Structure formats: structure tokens, C-alpha cells
Amino acid sequence: MSTIAATAFQSALLDWYDIHARALPWRVPPGSARTPDPYRVWLSEIMLQQTVVQTVKSYFETFVSRWPTVHHLAAARDEDVLAAWAGLGYYARARNLIACARAVSGRGAFPGTEAELLELPGIGPYTAAAIASIAFGRPSVVVDGNIERVMARLFAIETPLPAAKTEMKARAADLTPRRRPGDHAQALMDLGATICRPKAAACLACPVRQFCAATGNAPERLPRKLSKAAKPERRGIAYWLTHGEDVLLVRRPDRGLLGGMRALPATPFVADREPIPAPPFETEWKAVSKPVVHVFTHFRLELTIMTADISAMPRPSGDWHPVADIVNAGLPTLFAKAAKLAAGDLLHD
DNA sequence: AATACGGGGCC
DNA sequence: GGCCCAGTATT
């Protein structure tokens, strides 16, 4: 697209955004004289990594209500932040969130350049560009999954992802304006989310269809992607050990799957063999009727739940949590499912 | 460049 | 059941 056409594209896109921008809790309205609070932009961008807007909304509100500034968040206890993040997934984000908040609070405020933002934990190329653009008005080149899709269709890029990323970023750079770069980036993302959708692209309603190489030419086939490997199966055993009104919880190691999160005691999740039992207490265990089936990014898990009650014995030390309050224990979804199944199954006895 | 890393909603 | 989502860190 020529420079002249790029200018016309930017105008058409921003005119559309001025009317159709999604109202989101972390946003300021389009064309606003003020830029949004960098803390809110950062927090929303971390939560939005590989996570849909609808899911993020309630978590975002909870976090900003409980920790209104980066300094509040920096002063929070790790376990409180992780528990508040429970259910949102990709828990390394929560651990990096804490580290980043402390780094930023220590230096006083968020840096305003893409290069400095990129140095912070949990902030990669996309997020650095997004914060620089949206919160600091810099003409950074913002490219997320939405914008890759829009570029693929606008320029009919037939090269499959991820090889096409370089070309897509170059095309996005050609289109990035000096004025209102944050609105431009958000407009492209809104376009991708509401018009230039993965399936059922609404080309008739698209403000930039006159610039697009894919309109009327099966836009849904773009971007092309390399096929993914099949998900292997893994198995594991989790243990629901009760004593009186309480159940035993553990904290998982800081690195790896569900790292740092509260959990039920469990075996490692293994492929191609039965898990080796690893009960947290030697007693008589009984299997819950059905296993929990849970799909992770790179494997499918069948988790058998074993239950036992040792109320008659002295209580071993550990992280005992009231069963009645288990939904507030900060369990990731896998173990929340397991807890629900175990508690429900015992109810039926 | 490839892999690990969640979870939910949609078709 | 596969695809997709405001990706990053590690190897």
C-alpha cells in the first residue's frame, strides 16, 4: 500500500473507531485528550495475553479494585495475587506480574519507551509495543493475533504462520501513524475482533474493505497456519484428604505446570504409563467414581481422584483449608474441578 | 525455531 | 473435537 493509501486507510480506520470502539474497563474513549493510566494498560495487556476480552473483564475489575496502583500490587503478598489470578491460566503471567510490579514500583513508575518496557518481566514484543503506543502515545508497531489476521487479509499474505510474522509486522509498520498510534492499534484489534473475525468475516460492514485484497475472496482462509501436532494423553492421581471440616492442600513448585499455585496433592502427570501413586498420607484410599478430564495446551489429562478421611487420627501438619470455602482457596481450574467432584461424590455416599 | 504454558467459548 | 484468543520465556 502506498503512502497516500496508507493515510487514507488510517483515516477510514480511525473514523470507524471513533464510532464503533468497544467500551472496555481499561480504555479511555477514542480521541480522548488524555492517555490511559499505564498501570491499567499494563495490567490489562498482561491479562489479555492469549485470553479473550470477556474472560479478562471480571479479573481486571477485581485486581484494580483490590490493588488500585502498581505500588499496592507491589506490596501484595504473592499468594494473594496468585489466588486472585486462579482460573485465568498461564500462571507464569501472575508470577511475572508480581516481579514486574515490584520492579516498576522500585523505580517509581512505568518506563515510557518500548525498549525499556521490553526489559520488564512478562513484557514481550507485543506488550511493550502496546503499552508504549496506548499509554504513552508512541508510534510503536503493535502486532497481536488480531492484527496478524487483518494484515494477512489486507495484503493477501499466503505464507503460513509463523513464517509470515516478519512480513505481517512490516505491513503493520507501513500502516502505523504518528498521530493517535494507540487508537490506531486498538482500532485494528477491534476490527479483528468484531469485523475481520477468524470465521464469518463481516466484510460488508468493514470500513477498510476498499483497501483489502481478500474481500470477496474467501477471507476466512487467511491467515494460513501450519497444522498442529496432536495432543498426547497423560494421566495422574490427585488426593482429597479430609480431617474434620478441612481438606489438605499443597503449593506446587514455582516452575512448570500450574507453577506456584495451590493444588491438591498429586502425582506427576505422565504419558504412556500409569502414574505411580504418591498419597500424602498412608491410609485407606477410595477412588472417586469418575476421573477429571482436562485439556491443557499441549496434552490431555485424565486425573483420578482418590479420597480418604482421617478425622479419627491426629491431624498432620500442612495447609488445611475448610471444604466449605474451597471455591475461595485459589485453586486453578483443574483442581477446582477435582475438588468439586470429590466433594460432590462424598455427598452422595 | 521449537516447545511449554490455561482455560473457555464457538462451530 | 479442533480452533482461537490483545503472547512470553526458555531452550
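Reminder that position 280 of the first sequence reads as 373 in the numbering used here, one-by-one numbering, no gaps. Even glycine gets a Cβ: it sits at the ideal position worked out from N, Cα and C. On a predicted model such as this, the values are computed, not experimentally measured, just so you know.
Asp442, DSSP secondary structure in three states: The pLDDT assigned to Asp442 is 44, lower than 50, so where the model puts this residue is not dependable, and the model offers no usable value.
His165 in three-state terms, based on DSSP: Collapsing the DSSP output to three states places His165 in a helix.
Burial state of Arg302, where buried means 16 or more other Cβ atoms lie within 10 Å: When all chains shown are included, Arg302 counts as buried.
Rounded straight-line distance, which links the Cα of Ala306 to that of His113: When the Cα atoms are used, His113 and Ala306 turn out to be separated by approximately 23 Å.
Where the beta strand (DSSP E) containing Ile398 begins and where it ends: Arg393 to Asp402
According to DSSP, residues forming a beta bridge with Glu326: Arg393
At least 3 beta-carbon pairs within less than 8 Å: the stretch 144 to 151 vs the stretch 321 to 328: no
Sequence ranges, alpha helix (DSSP H) only - wholly within the stretch 272 to 320, length at least 4: Fully enclosed alpha helix (DSSP H) runs of 4 or longer: 274 to 287.
Through-space distance from Phe389 to Tyr110, alpha-carbon basis: 35 Å
N- and C-terminal bounds of the beta strand (DSSP E) containing Leu341: Asp339 to Arg344
Cβ shell of Met244 (< 7 Å), same chain only, five flanking positions each side left out: Ile250, Met261, Arg264 and Ala265
Whole-angstrom distance between Val234 and Ile97, CA atom to CA atom: 19 Å
Cα-Cα separation between Thr259 and Arg195, rounded to whole angstroms: 33 Å
Cα-Cα separation between Leu117 and Asp283, rounded to whole angstroms: Straight-line Cα distance between these residues: approximately 11 Å.
Pairwise C-alpha distance: Glu313 and Glu375: 56 Å
Own chain residues within Cβ distance below 7 Å of Ala221, not counting five before or after: Glu207, Leu210 and Leu211
Cα-Cα separation, Ala280 to Phe102: 12 Å
Arg242, buried or exposed, once every other Cβ within 10 Å from all chains shown has been counted against 16: By the neighbour-count rule (16 or more Cβ atoms within 10 Å), Arg242 is buried.
Rounded separation between Val157 and Phe428 - CA only: Straight-line spacing of the CA atoms in Val157 and Phe428 works out to 26 Å.
Distance, Glu326 Cα to Asp347 Cα: 24 Å
DSSP-derived helix/strand/coil call for Trp135: Annotated three-state conformation of Trp135 is helix, per DSSP.
Beta-carbon contacts of Leu106 that lie in its chain and below 8 Å, excluding the five residues immediately before and after: His277, Ala280, Leu281, Leu284, Pro300 and Val301
The stretch 132 to 140 / the stretch 222 to 230 touching (three or more Cβ pairs under 8 Å): With a cut-off of 8 Å, the stretch 222 to 230 and the stretch 132 to 140 count as touching, because enough Cβ pairs lie within range.
Local Cβ density within 10 Å of Ala432, reported as buried at 16 or more and exposed below that: buried
Which listed residue (Ala167, Ala228 and Thr397) has its alpha carbon closest to that of Pro372: Checked all of Ala167, Ala228 and Thr397; the closest Cα to Pro372 is Thr397.
At least three beta-carbon pairs within less than 8 Å, the stretch 175 to 183 to the stretch 119 to 129: no
Alpha helix (DSSP H) runs contained entirely in the stretch 346 to 393, provided each spans 4 or more residues: none
His391 burial status per 10 Å Cβ neighbour count (16 or more: buried): Counting every other CB atom within 10 Å of its CB across the protein chains shown gives His391 a total below 16, marking it as exposed.
Span separating the alpha-carbon of His165 from that of Glu154: Near 15 Å, if we compare the C-alpha coordinates of Glu154 and His165.
Opposing strand residues paired with Leu334 [DSSP bridges]: According to DSSP, Leu334 bridges with Ala401.
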